[in-house]
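Structure first, commentary second.
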Amino acid sequence: MTEDLDPVIHAPARLRVVATLAALARGDEVAFPRLRKLLDMTAGNLSTHLRKLEDAGYVRVTKTHEGRVPATYLALTDRGRAAFAEYQTALTNLLKGAGHE
Amino acid sequence: MDDHGTSSDDAFDPADSLRVIREQTDRAREATEPDGRVMFGAWGLAWLVGYLAMWTSARETGAPEPWAGFVLAGTIVGATALTIVHSTTRASGVRGASARVGAMYGWTWFLGFTVYGMVLGAMFRAGASWEVVATAANGFACLIVGLMYIAGGLLFGEIRMYAVGAWMLVTAAVAAFAGMPHTYLVMALAGGGGFLVMVVVEQVIRARRRGLAPAGPPATSPPATGGGSSD
Chain A
0 MTEDLDPVIH APARLRVVAT LAALARGDEV AFPRLRKLLD MTAGNLSTHL
50 RKLEDAGYVR VTKTHEGRVP ATYLALTDRG RAAFAEYQTA LTNLLKGAGH
100 E
Chain B
0 MDDHGTSSDD AFDPADSLRV IREQTDRARE ATEPDGRVMF GAWGLAWLVG
50 YLAMWTSARE TGAPEPWAGF VLAGTIVGAT ALTIVHSTTR ASGVRGASAR
100 VGAMYGWTWF LGFTVYGMVL GAMFRAGASW EVVATAANGF ACLIVGLMYI
150 AGGLLFGEIR MYAVGAWMLV TAAVAAFAGM PHTYLVMALA GGGGFLVMVV
200 VEQVIRARRR GLAPAGPPAT SPPATGGGSS D
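One line per chain: the protein sequences are A and B, in this order. Going by numbering that gives the first Met the number 0, the first residue of the first sequence is number 0, and it counts up by one from there. Going by numbering that gives the first Met the number 0, the first residue of the second sequence is number 0, and it counts up by one from there.
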């Protein structure tokens, strides 16, 4: 049953990351420290999950400088948004018991 | 190191997933979007206190005393500062399209009220009596606020902002025709009162949303507090 769900998204920590990024308006990105605060995750843990999401093409990582301080911004890619929408549809179907067609 | 996310990848129920999505979406929106209660509350109090001061002092002497003008200016400056601090704090760490739109919206307020002051000054210079200038000051203030709230409603898809804007346009007309010194009372009660009614509306909506929150397995984390998940 649950193997129909996208394994990249279907893990508690990554699901929270994706849901948070999806709550931002399209065209917006969030700084790493702010995202960490919104999720209450350790920096190491968040980095690990972001790398997996980036490898899957779901998250775009932008490295930049603010003054002389390096900053990292994260956003969901169009592909990531689509994958999250599909995941939610699959989830709803699964819960309705319609997943066995 | 805390790594609960990767170790429990498989043991994760679909119903839990839905709850996690809902909670985290609410939490993210709540944390990054301005709180309507704070915004409406600050402006409601500013108008109520400021214009009541103007009305009280104008009723006694026929025209507002300087002290009342300072009270009004003080409450407006206070509400402006609170608005800027609150909205930039909420949006901190987020950049992109909405930040640009938000900045342009903020600067439009500033531009609008700068020009407002200049036009009033020009009217005075052209020989308008203080009573005419005061009528214009109240009417134009409501007109600008009304149109800016309507613009905000359109921009951010916020129907409640739009409604407040429409109400402020009505207030502009009533305040202009109320005449001295009652125009100030209209500003305080209809204008300030209108904002304060919205604080109650926002609160009721939040309470209702929390009440309707997820059926499903008992929450293991604190319940999410309202916030824009309906669309």
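We put the beta carbon where it would ideally sit given N, CA and C, even for glycine.
Within 10 angstroms of the Cβ of residue i, are there 16 or more other Cβ atoms? Answer buried if so, exposed if not.
i      : result
S128/B : exposed
M117/B : exposed
E201/B : buried
I20/B  : buried
W42/B  : buried
G225/B : With a pLDDT of only 38 at G225/B, under the threshold of 50, the placement of this residue in the model should not be trusted; the figure read from the coordinates follows. So G225/B counts as buried.
D25/B  : buried
I83/B  : exposed
V29/A  : buried
Out of curiosity, what's the CA-to-CA distance linking residue i and residue j?
i      : j      : result
T170/B : A52/B  : 18 Å
A30/B  : A22/A  : 11 Å
R58/B  : A177/B : 13 Å
P13/B  : V76/B  : 50 Å
T47/A  : H64/A  : 22 Å
R89/B  : A10/A  : 28 Å
M186/B : A150/B : 21 Å
V68/A  : E53/A  : 23 Å
L44/B  : V7/A   : 49 Å
S97/B  : G126/B : 44 Å
F139/B : I204/B : 31 Å
Y104/B : S86/B  : 12 Å
If you run the structure through DSSP and keep just helix, strand and coil, what is residue i?
i      : result
A55/A  : coil
R36/B  : helix
G95/B  : strand
A62/B  : coil
P32/A  : helix
L81/B  : helix
E65/A  : strand
V128/B : The sequence as given places Ser at residue 128/B; Val does not occur at that position. DSSP places S128/B in coil when its eight states are reduced to three.
A206/B : helix
Closest to residue i by CA distance: which of the options is it?
i     : options                           : result
L47/B : A177/B, G191/B, M122/B and L154/B : G191/B
V60/A : G66/A, R67/A and G79/A            : G79/A
R50/A : T91/A, R13/A, L90/A and A82/A     : R13/A
P32/A : T88/A, M40/A and G26/A            : M40/A
V58/A : V17/A, D3/A, L94/A and D5/A       : V17/A
L37/A : G95/B, R36/B, Q23/B and V37/B     : Q23/B
G61/B : G101/B, M122/B and P180/B         : P180/B
Who does residue i pair with in a DSSP beta bridge?
i     : result
T55/B : According to DSSP, T55/B bridges with nothing at all.
Y72/A : A30/A and T61/A
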